[in-house]
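Order-wise, the sequence lines are chains A, B, C and D. Per the numbering used here, numbering of the first sequence is gapless, rising by one per residue and ending at 174. Per the numbering used here, numbering of the second sequence is gapless, rising by one per residue and ending at 174. Per the numbering used here, numbering of the third sequence is gapless, rising by one per residue and ending at 174. Per the numbering used here, numbering of the fourth sequence is gapless, rising by one per residue and ending at 174. All C-beta atoms, glycine included, are put in the ideal place defined by N, C-alpha and C.
4 protein chains.
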Amino acid sequence: MIAILVTGGTFDKQYNELTGTLTFRETHVTEMLRLGRCRVDVSVRQLMMIDSLEMTDADRQAIADTCQRSPESRIVITHGTDTMVETAMTLAKTLGPPEGGHDQPKTIVLTGAMVPYAFGSSDGLFNLGSALSFAQALPPGVYIAMNGRAFAWDDVRKNRESGVFEEP
Amino acid sequence: MIAILVTGGTFDKQYNELTGTLTFRETHVTEMLRLGRCRVDVSVRQLMMIDSLEMTDADRQAIADTCQRSPESRIVITHGTDTMVETAMTLAKTLGPPEGGHDQPKTIVLTGAMVPYAFGSSDGLFNLGSALSFAQALPPGVYIAMNGRAFAWDDVRKNRESGVFEEP
Amino acid sequence: MIAILVTGGTFDKQYNELTGTLTFRETHVTEMLRLGRCRVDVSVRQLMMIDSLEMTDADRQAIADTCQRSPESRIVITHGTDTMVETAMTLAKTLGPPEGGHDQPKTIVLTGAMVPYAFGSSDGLFNLGSALSFAQALPPGVYIAMNGRAFAWDDVRKNRESGVFEEP
Amino acid sequence: MIAILVTGGTFDKQYNELTGTLTFRETHVTEMLRLGRCRVDVSVRQLMMIDSLEMTDADRQAIADTCQRSPESRIVITHGTDTMVETAMTLAKTLGPPEGGHDQPKTIVLTGAMVPYAFGSSDGLFNLGSALSFAQALPPGVYIAMNGRAFAWDDVRKNRESGVFEEP
Numbered sequence: 007m008i009a010i011l012v013t014g015g016t017f018d019k020q021y022n023e024l025t026g027t028l029t030f031r032e033t034h035v036t037e038m039l040r041l042g043r044c045r046v047d048v049s050v051r052q053l054m055m056i057d058s059l060e061m062t063d064a065d066r067q068a069i070a071d072t073c074q075r076s077p078e079s080r081i082v083i084t085h086g087t088d089t090m091v092e093t094a095m096t097l098a099k100t101l102g103p104p105e106g107g108h109d110q111p112k113t114i115v116l117t118g119a120m121v122p123y124a125f126g127s128s129d130g131l132f133n134l135g136s137a138l139s140f141a142q143a144l145p146p147g148v149y150i151a152m153n154g155r156a157f158a159w160d161d162v163r164k165n166r167e168s169g170v171f172e173e174p
Numbered sequence: 007m008i009a010i011l012v013t014g015g016t017f018d019k020q021y022n023e024l025t026g027t028l029t030f031r032e033t034h035v036t037e038m039l040r041l042g043r044c045r046v047d048v049s050v051r052q053l054m055m056i057d058s059l060e061m062t063d064a065d066r067q068a069i070a071d072t073c074q075r076s077p078e079s080r081i082v083i084t085h086g087t088d089t090m091v092e093t094a095m096t097l098a099k100t101l102g103p104p105e106g107g108h109d110q111p112k113t114i115v116l117t118g119a120m121v122p123y124a125f126g127s128s129d130g131l132f133n134l135g136s137a138l139s140f141a142q143a144l145p146p147g148v149y150i151a152m153n154g155r156a157f158a159w160d161d162v163r164k165n166r167e168s169g170v171f172e173e174p
Numbered sequence: 007m008i009a010i011l012v013t014g015g016t017f018d019k020q021y022n023e024l025t026g027t028l029t030f031r032e033t034h035v036t037e038m039l040r041l042g043r044c045r046v047d048v049s050v051r052q053l054m055m056i057d058s059l060e061m062t063d064a065d066r067q068a069i070a071d072t073c074q075r076s077p078e079s080r081i082v083i084t085h086g087t088d089t090m091v092e093t094a095m096t097l098a099k100t101l102g103p104p105e106g107g108h109d110q111p112k113t114i115v116l117t118g119a120m121v122p123y124a125f126g127s128s129d130g131l132f133n134l135g136s137a138l139s140f141a142q143a144l145p146p147g148v149y150i151a152m153n154g155r156a157f158a159w160d161d162v163r164k165n166r167e168s169g170v171f172e173e174p
Numbered sequence: 007m008i009a010i011l012v013t014g015g016t017f018d019k020q021y022n023e024l025t026g027t028l029t030f031r032e033t034h035v036t037e038m039l040r041l042g043r044c045r046v047d048v049s050v051r052q053l054m055m056i057d058s059l060e061m062t063d064a065d066r067q068a069i070a071d072t073c074q075r076s077p078e079s080r081i082v083i084t085h086g087t088d089t090m091v092e093t094a095m096t097l098a099k100t101l102g103p104p105e106g107g108h109d110q111p112k113t114i115v116l117t118g119a120m121v122p123y124a125f126g127s128s129d130g131l132f133n134l135g136s137a138l139s140f141a142q143a144l145p146p147g148v149y150i151a152m153n154g155r156a157f158a159w160d161d162v163r164k165n166r167e168s169g170v171f172e173e174p
């Protein structure tokens, strides 16, 4: 069983045709799993639905606490790309090194999208397939799955000019 | 570096509007990698472009030989779903158990799609993201990545009634 | 009020992922009208759901009879492109010249698609918008609306090599 | 020959994945005509590429002057929906009543979209098919083609709560 924790981000933005702006309504994750004919046993929980630029330290801590308390040892988090690295750091510090802690060691994979899923040209479905697979195959730790790769939480940055995740 | 070997399958079928039939032209894999903003170092090689129901033993052996000869130790193969399990078996027998062989042990992941990528409702992009990730994270062996899961080559069948891959 | 009579055709074909073939299930016309934010007062009636190559003379006559009996004076018919011209001829002969008949003169517009609506690259939505508009603006008569144009029923053929409707 | 004058609007907005905002780059009209397999003889000219809320009186006058000077007697204008009615009024006043003027009487149809074409759920392709058809079939005058209908320039408003064009 894999927990999928939804926090919002570009992934889930959609076009509000009355205001002409990008907003959030409901998560697209369930629809995306259906499209991917996904048969992994998952539990989708929506924690928040916000732009990651607006995520506070308290929000990040709430995500980390949820990961710590969740019965699942494998977790995927959908998240805005702008502060994904910061949240990964909070997760790593809260859940501690898997070998030393008294908690069950967990594999946590954050992912997101550069383009909203509702757009034809979104990378979201590719990233969700990638994140779910890394969550199943990687040893305990906190990772970011973007651009088809998995990065350790302390060895990654978002290059804001190219929109690509890379080693620092 | 990951090799992506293209063999055809539903993945790459497209609609021929003059004949009203589903046919092959060129692979969509490169376009899909672009859509997924994939930054994994890949080499895409088209071996054949056929429906897997028409794949012969000689075709399967040619795929296995290409895997054996390829310099990459991690390989993704796009393949029709109908005989994906048969090709996985040929691959496992040709490349041998990774521990015993004199060849470099390889991680080979077969994937495909239930619906052509050119259709809006395709699982192809999800599966490609999944297969590329499993190919990076799994130990040497031959696997099938479908429905968000990775199956060992000798522990999987396609359920033809549900269209889902599962343990036998 | 415009009647939309559904007969099938490429328009409504969809991919059966278990058999790997193109088949019919339900019409997409209602979903397409929703996507087009259409506010024309329409009545959608499904007469048959077949490939137009399999349409018999009796089928064509049934369509013509439905047009004659329908209370609406403006009608759009979705139809396979291969025999659209034949059905248009049956309609024109059955409903007669608008000036001479004792029936209410009607504007009937046949349309279809070269690529199923369910494919990303379909011309269906464009054609439906076109056909509904011609049905409102053209004088009584039988027309084919394809490729952004409206053709009189007796001045059109489908060019099978280019897939385009044109004057003979 | 029909002139298609591009002014921007939601129609042509696209997602900038580096800034996370909706912006303009190039018009999608040519790609849409290709998708619709359109064989109407058209001349696409990009006059401006702006949100219609930012359109000035000078911009509207420039559009009207272009219509007046253009050799084509049938014109489609793609335009943001928010001030489409205002531009239609400027066009009607500049080009005058078709019967009284010394200019060639013209059929001018404004259209747009509630959702950008680049989104899967756009009404743009439906509206473009509709506008091109009304432009061919309606007598001289200035019209707005939205929601599958054609409205005379002085008998229409955009209902901002429902996002639908309707008689006042």
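What span of residues does the alpha helix (DSSP H) with residue i cover, start to end?
i, result
"Asp46 of chain A", "For the record, residue 46 of chain A in the displayed sequence is Val; it is not Asp. Note, Val46 of chain A: premise wrong, no alpha helix (DSSP H); not H, not E."
"Thr2 of chain D", "Residue 2 of chain D cannot be examined here, being either before or after the span of chain D that is shown, 7 to 174."
Measure from the C-beta of residue i to each C-beta in chain D and report whether the shortest distance is under 8 Å.
i, result
"Leu41 of chain C", "yes"
Can you tell me where the beta strand (DSSP E) with residue i in it begins and where it stops?
i, result
"Val170 of chain C", "170–172"
"Arg163 of chain B", "163–165"
"Leu28 of chain A", "27–30"
"Gly14 of chain A", "8–14"
For residue i, I'd like the list of residues in its chain whose CB is within less than 6 Å of its CB, leaving aside the five on either flank, ordered along the chain.
i, result
"Gly169 of chain D", "Met120"
"Thr113 of chain C", "Arg80, Ala141, Leu144, Pro146"
"Glu173 of chain D", "Asp161"
"Leu116 of chain A", "Ile83, His85, Met90, Ala94, Ile150"
"Leu59 of chain B", "Asp88"
"Thr33 of chain C", "Val12, Asp18, Gln52"
Examine chain A for any beta-carbon lying closer than 8 Å to the beta-carbon of residue i, and answer yes or no.
i, result
"Leu144 of chain D", "no"
"Leu53 of chain D", "no"
Any Cβ of chain B within less than 8 Å of the Cβ of residue i?
i, result
"Asn153 of chain A", "yes"
"Arg66 of chain A", "no"
"Val46 of chain A", "yes"
List, in chain order, every chain E residue whose beta-carbon is nearer than 7 Å to that of residue i.
i, result
"Gly147 of chain C", "Chain labels in this structure do not include chain E; the protein chains are A, B, C and D."
Please decide whether residue i counts as near chain C, where near means a Cβ-Cβ distance under 8 Å.
i, result
"Val170 of chain D", "yes"
"Phe140 of chain D", "yes"
By Cβ distance below 8 Å, which residues in the same chain neighbour residue i in space, the five residues on each side in sequence not counted?
i, result
"Asp63 of chain B", "Thr96"
"Leu28 of chain A", "Lys19, Gln20, Tyr21, Asn22, Pro122"
"Ile8 of chain A", "Val46, Asp47, Val48, Ser49, Glu78, Arg80, Ile81, Val82, Leu138, Ala141, Gln142"
With a threshold of 7 Å on Cβ separation, who are the neighbours of residue i within its own chain once the five nearest residues in sequence on each side are excluded?
i, result
"Asn153 of chain B", "Val170, Phe171"
"Leu41 of chain D", "Leu131"
"Ser128 of chain D", "Ala119, Val121, Pro122"
"Gly135 of chain D", "Gly42"
"Thr36 of chain D", "Val50"
Inset, instruction - Taking only runs that begin and end inside the region 119–157 of chain D, name each unbroken beta strand (DSSP E) of 3 or more residues, in chain order. - result: Listed in chain order, the complete beta strand (DSSP E) runs (minimum 3 residues) inside the region 119–157 of chain D are 147–152.
Legend entry - chain A contacts from the region 109–137 of chain D (Cβ-Cβ distance under 8 Å): Listed in sequence order: Met120, Val121, Pro122, Ala124, Phe125, Gly126, Ser127.
Inset, instruction - Write down every uninterrupted run of the beta strand (DSSP E) in the region 63–116 of chain A whose length is 3 residues or greater and which is fully enclosed by it, in chain order. - result: Listed in chain order, the complete beta strand (DSSP E) runs (minimum 3 residues) inside the region 63–116 of chain A are 80–84.
Inset, instruction - Check each residue of the region 77–106 of chain B: if its Cβ is closer than 8 Å to any Cβ of chain A, include it; give the result in chain order. - result: Taking 8 Å as the upper bound on Cβ-Cβ separation, chain A lies near no residue of the region 77–106 of chain B.
Legend entry - chain C contacts from the region 7–23 of chain B (Cβ-Cβ distance under 7 Å): From the region 7–23 of chain B, only Thr16, Tyr21, Glu23 have a Cβ closer than 7 Å to chain C.
Inset, instruction - Give the residues from the region 154–168 of chain C that approach chain D closer than 8 Å (Cβ to any Cβ), ordered along the chain. - result: Taking 8 Å as the cut-off between beta carbons, the residues of the region 154–168 of chain C near chain D are Gly154, Arg155, Ala156, in sequence order.
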